[in-house]
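Notes for the one structure printed next.
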Amino acid sequence: MRVRHQQFGTFLRLAKAVVTNRAVQVTALLGAVLLSLWNVERVPHTSVLPAAIGLLPFAIGKYILCPLRWHALAASGRTRVWHVRAYAESEILGLISPWHAGADLWRVHRLETTGVRRSAAVAAVALDRFVGAVGLVVAVAVCGIALPPIVLVVALGLAALVLVAAVLVRRRRPGLAGSWPWPSPTVFAVGVVLSIGYQATILGLLIGALQAVGDSVSAFQLVAVFGASQLAGALPGVHGASPREGALVAGLASIGVSWTAAFGAVALTALLYWVPALLFGGGCFFLRWRGWFTEPRPATPCARSTGAALIATAPVPRTAEGQ
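The working numbering numbers the first residue of the sequence shown as 2 and each following residue consecutively.
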């Protein structure tokens, strides 16, 4: 068990070294943006206004609702503003990495810089991901749309696997699990509601992108197609050219959207993701690099309604964030 823990720690250190490398970040960022631009250039007709209207609620959902969900579930002791900034920074790294893994690694890294234990930081990010997946399934179910059986089986199987693993760790290693965030039912429900709100904003962005390329589709059909396409997100791929985008294009075509419009809408959506990411995430990176933000003192043990608080390991001086 100890050997596996050391191997996992080594993997995390190597992954964070790659994610935080500036040359890697710039190269991947330019490549991903150019790929999205190339895809949109192949679309014969686009209109900016519907896409811009759809982008506004998406930016609110992605950079306000999602960080608020993370803050509620993590019990990290950090403020909501801190979580908003850290989440915005992570999104740039997520867009240039397979599985959006760079975002999770960066959030774990940011929690660790404030004195949070690595195991607790990983648990907090994993819990946020899990609640987001639950919100997606609930959002589709609320609309009264039946997902394909394989999607439901995979979703329920993963949920059961996560719950069983958490229970086993809590029973066999209570010292380790004691520092993990254990949200109350109320906080868990709030997280699911915030996830549903975020899914609604993605729906608005997709509708705007479809109208921008001169097509439209029922919102309920779009929810079903989007929910089913998330299964392909388990396969690796870079934003703008991942199996998830391919599955979404095929799903749109299956409900009557022309292949040209489906490809154009998905490509345009992938490109629009970069606008708030560069504005908010890039802005936060720049301001922190210029020393506008300072890191608060490490979290101290405290009890909150969300569950056990994350435990600090060692004092950290008041230096610029990320140092």
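C-beta: ideal position from N, C-alpha, C; glycine also. Source: prediction; values computed, not measured.
Which of helix, strand or coil DSSP assigns to residue i
| i | result |
| --- | --- |
| Val117 | strand |
| Pro184 | coil |
| Thr80 | coil |
| Ser255 | helix |
| Val214 | coil |
| Arg70 | helix |
| Ser243 | coil |
| Tyr64 | helix |
| Gly238 | coil |
| Phe294 | coil |
| Ser98 | coil |
| Pro302 | Its pLDDT being 41, under 50, Pro302 is placed unreliably in this model, and the value from its coordinates should be taken loosely. Correct three-state label for Pro302: coil. |
| Gln324 | Only weak support is given to the placement of Gln324: the predicted model assigns it a pLDDT of 36, under 50, and the question is left unresolved by the model. |
| Ile312 | Unreliable placement is indicated for Ile312, whose pLDDT of 32 sits below 50; no coordinate value is reported for it. |
Backbone CA spacing between residue i and residue j [nearest angstrom]
| i | j | result |
| --- | --- | --- |
| Thr115 | Gly215 | 48 Å |
| Ala254 | Thr270 | 16 Å |
| Ala248 | Ser120 | 34 Å |
| Val250 | Val258 | 9 Å |
| Gly292 | Ser219 | 47 Å |
| Leu288 | Leu112 | 19 Å |
| Ala134 | Gly78 | 24 Å |
| Thr261 | Ser217 | 13 Å |
| Ala210 | Leu169 | 45 Å |
| Trp275 | Pro184 | 32 Å |
| Ile97 | Gly238 | 10 Å |
| Leu162 | Leu50 | 44 Å |
| Pro186 | Trp107 | 27 Å |
| Arg118 | Pro277 | 30 Å |
| Trp290 | Val165 | 42 Å |
| Ile256 | Ile208 | 14 Å |
Contacts around residue i, its chain only, beta-carbon distance under 8 Å, and the 5 residues preceding and following it disregarded
| i | result |
| --- | --- |
| Leu195 | Leu66, Cys67, Leu69, Arg70, Ala73 and Gly136 |
| Phe286 | Glu90 and Ile93 |
| Val139 | Val193, Ser196 and Ile197 |
| Leu279 | Ile93 |
| Arg130 | Asp105 |
Selection from the options that minimises the alpha carbon distance to residue i
| i | options | result |
| --- | --- | --- |
| Glu125 | Ala76, Ile256, Ala134 and Val82 | As written in the sequence, residue 125 is Ala, which differs from the Glu given in the question. For Ala125, the nearest C-alpha among the options comes from Ala76. |
| Ala52 | Val138, Ala213 and Leu288 | Ala213 |
| Leu128 | Val139, Val109 and Val141 | Val109 |
| Val132 | Ala142, Gly95, Phe189 and His101 | Phe189 |
| Ala225 | Leu211, Gly252, Arg245 and Ala242 | Gly252 |
| Phe264 | Leu169, Ala201, Thr202 and Ser243 | Ser243 |
| Ala122 | Val141, Ile97 and His84 | His84 |
| Gln200 | Pro184, Val267 and Leu223 | Leu223 |
| Phe221 | Leu50, Gly209, Val141 and Ala266 | Val141 |
| Ile61 | Val117, Trp290, Ala266 and Ile203 | Ile203 |
| Ala266 | Pro99, Thr187, Phe227 and Arg86 | Phe227 |
Beta-carbon contacts of residue i that lie in its chain and below 6 Å, excluding the five residues immediately before and after
| i | result |
| --- | --- |
| Asp105 | Val126 |
| Gly95 | His101, Gly103 and Ala104 |
| Ser48 | Ala213 |
| Leu81 | Here residue 81 is Arg; the residue named in the question, Leu, does not match the sequence. Contacts found: His72. |
| Arg86 | Cys285 |
| Gly283 | none |
Residue range of the unbroken alpha helix (DSSP H) whose run includes residue i
| i | result |
| --- | --- |
| Pro51 | Val49 to Ile61 |
| Trp260 | Trp260 to Leu273 |
| Gly228 | Ala220 to Ser230 |
Residues of its chain near residue i, where Cβ-Cβ distance is below 7 Å and the 5 sequence neighbours each way are ignored
| i | result |
| --- | --- |
| Val191 | Ala73 |
| Phe281 | Tyr64 and Ala89 |
| Leu206 | Gly55, Leu56, Phe59, Thr270 and Leu273 |
Any C-beta of chain B under 8 Å from that of residue i
| i | result |
| --- | --- |
| Gly228 | Structure shown: chain B not included; a single protein chain is present. |
Distance cut-off 7 Å: residue i Cβ against heavy atoms of the ligand FMN
| i | result |
| --- | --- |
| Asp129 | No copy of the ligand FMN occurs in the structure displayed, which carries no ligand at all. |
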